[in-house]
Amino acid sequence: MMQVDGQARVDDLRNTIGTGHPPQLAVIVPSFNERDNIELLYEKTAIALGETAWEMIVVDDNSPDGTADVVNEMARVYANVRCIRRFGRRGLSSACVEGMAATAAPFVAVIDADLQHDEAILPQMLDKALAGADLVVGTRFAGEGSAGEGLSAARLSGSQMATRMAAMIAGQPISDPMSGFFLVRRDRFEAVAPKLASDGFKILIDLIVTSARGGKPLTIAEVPYVFRPRHAGESKMNPLIVIQYLGLWASKLSGGVLPPSFLLFGLVGVTGVVVHMATLGVFTSGLGANFVVSQIAATLVAMTWNFFLNNNLTYADRRLRGRKLVFGLIGFYAICALGGIANISVASGIYELRHQTFVAGLAGAVMSSVFNYAVTRAFTWK
Ligand code: GDD
Ligand code: MN
């Protein structure tokens, strides 16, 4: 060890035995606009965990309500609290990943800030992990667990559907694969962390499937709990998150061969074809324009449609704004034009060989979709 001035002070800092460092458990709390929940969550968790050495890491996406300020105020009082504040980024899954990656604790738990998850089961979850489980999931759908008053009828049926879909890809029995409440060994999380999808809400199912695909399935234990209504503030669940989940699900179903963003890009492309045909109809029949003019107009409208849909959906986590949006759109037109050339040359090449209109047309369309996806991913939404 290097000797420096004030070595005694450094030695003091190194002598952490008995001070609860490093903590045994890190509790990661993703937050967006949760200022009126965080302190209560901290107090309840502190009571639940008693003598366990633990820390709370709040990962806040620079919430406009000032959640991070509240957490930093708490950090002045409690030594085991800190805030990771992210700027220009949004996303529950990536917040969890970054929080879990920021601790030296051997066990990490993820819990929502809004008190819907019952922090009182954390000690039981930790016990099961200490007894050998890699992953312990708080479940609403087994034993004494229930979704209680926490879900509306519509949310409950959506959640049941998503749960069944998740079961198809999980590859092992798990009663609440959509749970946002779990505890995992940090080394098992770190082994797959670089491969986890950063968008959407579905970190847990991703963790399970990615570990299994890597040849090391997690041993899973469950602890039931009753899901409570949100304490203060509002849910951030929205249709975009549902679509992102569908993308992740289809990607896992493909054995991980097709990335979620490619599937969403393709889906957007399909809607673009519909928009193209509708615009063509309006120009030719509605406005009586000639075919070439109508086709050019329809192409421009469809490209613009695709650009904005991809920007808000496929690449919601890296959405372009302001000047970058304008340059992105111009670049997108240019890339699609090249994609169109690739489409026509592949299609006509195949047509000359085989004289099958359908096969040639499809090959051209697939060619330009892959081209557009790969190139816009590299240049537009990098
Ligand atoms: N940092 C960050 N960034 N946190 C976020 C974001 C984000 O973009 N979006 C949501 N959060 C945080 C919220 O502040 C909250 O602490 C937690 O993630 C869950 O968000 P809610 O908005 O309360 O989601 P929910 O109650 O609709 O969904 C929860 O329950 C579902 C089960 O029905 C989540 O736990 C889901 O994962 C779970 O499937
Ligand atoms: Mn909630």
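Residue numbers (our numbering): 1457 to 1838. We put the beta carbon where it would ideally sit given N, CA and C, even for glycine. Remember, predicted model here, so these are calculated numbers, not experimental data.
Extent of the continuous beta strand (DSSP E) run through residue i
i     : result
M1512 : 1510–1516
E1808 : First-last for E1808: 1778–1810, but that is the alpha helix (DSSP H), not the beta strand (DSSP E).
L1639 : 1638–1641
V1537 : 1537–1541
S1487 : 1481–1487
Heavy atom of ligand 1 within 7 Å of residue i beta-carbon
i     : result
S1631 : no
G1547 : yes
R1532 : no
D1570 : yes
F1488 : yes
S1691 : yes
S1613 : no
M1634 : yes
A1551 : yes
L1607 : yes
Run of the alpha helix (DSSP H) containing residue i, from where it starts to where it stops
i     : result
S1825 : 1813–1835
A1610 : 1609–1626
V1757 : 1747–1765
I1699 : 1695–1709
T1735 : 1716–1737
K1584 : 1578–1586
L1769 : Here L1769 belongs to no alpha helix (DSSP H), and DSSP marks it neither H nor E.
D1525 : 1523–1533
V1553 : 1548–1556
L1663 : 1659–1669
Residue i to residue j span [Cα, whole Å]
i     : j     : result
A1622 : S1691 : 22 Å
G1795 : P1680 : 52 Å
T1727 : F1543 : 32 Å
N1766 : L1785 : 11 Å
A1610 : Q1616 : 10 Å
E1600 : M1624 : 24 Å
L1776 : N1694 : 20 Å
I1676 : L1781 : 44 Å
I1664 : I1699 : 20 Å
V1592 : K1672 : 16 Å
R1774 : A1834 : 13 Å
L1720 : G1703 : 6 Å
L1612 : P1685 : 13 Å
D1545 : D1568 : Residue identity check: residue 1545 is Arg in the sequence provided, not Asp. Using only the alpha carbons, I get a separation of about 18 Å.
M1581 : A1504 : 12 Å
P1479 : A1587 : 18 Å
N1528 : D1516 : 11 Å
I1800 : S1710 : 28 Å
T1836 : Y1829 : 10 Å
R1532 : R1538 : 9 Å
T1815 : A1618 : Reading the sequence as shown, one finds Val at residue 1815 and not Thr. Rounded to whole angstroms, V1815 to A1618 spans 36 Å at the Cα level.
In DSSP terms, what residue i is bridged to
i     : result
L1496 : The partner list for L1496 (beta bridge, DSSP) is empty, contrary to what the question assumes.
E1507 : Its beta-bridge partners do not exist; DSSP assigns none.
E1646 : E1646 pairs with nothing; no bridge assigned.
V1566 : I1484, F1638
A1677 : V1592
V1682 : S1602
Closer than 7 Å: residue i CB and nearest ligand 2 heavy atom
i     : result
D1492 : no
D1516 : no
S1519 : no
R1684 : no
Contact set for residue i: own chain, Cβ-Cβ below 8 Å, skip 5 residues either direction
i     : result
G1670 : A1647, V1648, K1651
G1817 : A1803
M1759 : G1728, F1788, Y1789, C1792
I1659 : L1548, S1549, C1552, V1553, V1566, G1636, L1652
V1526 : R1491, I1494, E1495
V1757 : V1731, H1732, T1735
Contact test: residue i Cβ vs ligand 4 heavy atom, cutoff 7 Å
i     : result
Q1580 : Among the ligands present in this structure, namely ligand 1 and ligand 2, ligand 4 is not found.
Beta-carbon proximity list for residue i, same chain, < 7 Å, skipping 5 on both sides
i     : result
G1689 : N1489, E1490, D1492, N1493, D1570
T1832 : F1788, I1791
D1521 : N1489, R1491
G1722 : S1825
Spatial neighbours of residue i in its chain, beta-carbon cut-off 6 Å, leaving aside the 5 residues before and after
i     : result
A1668 : G1627
F1783 : none
W1705 : M1621
S1519 : F1488, N1489
F1597 : S1631, D1632
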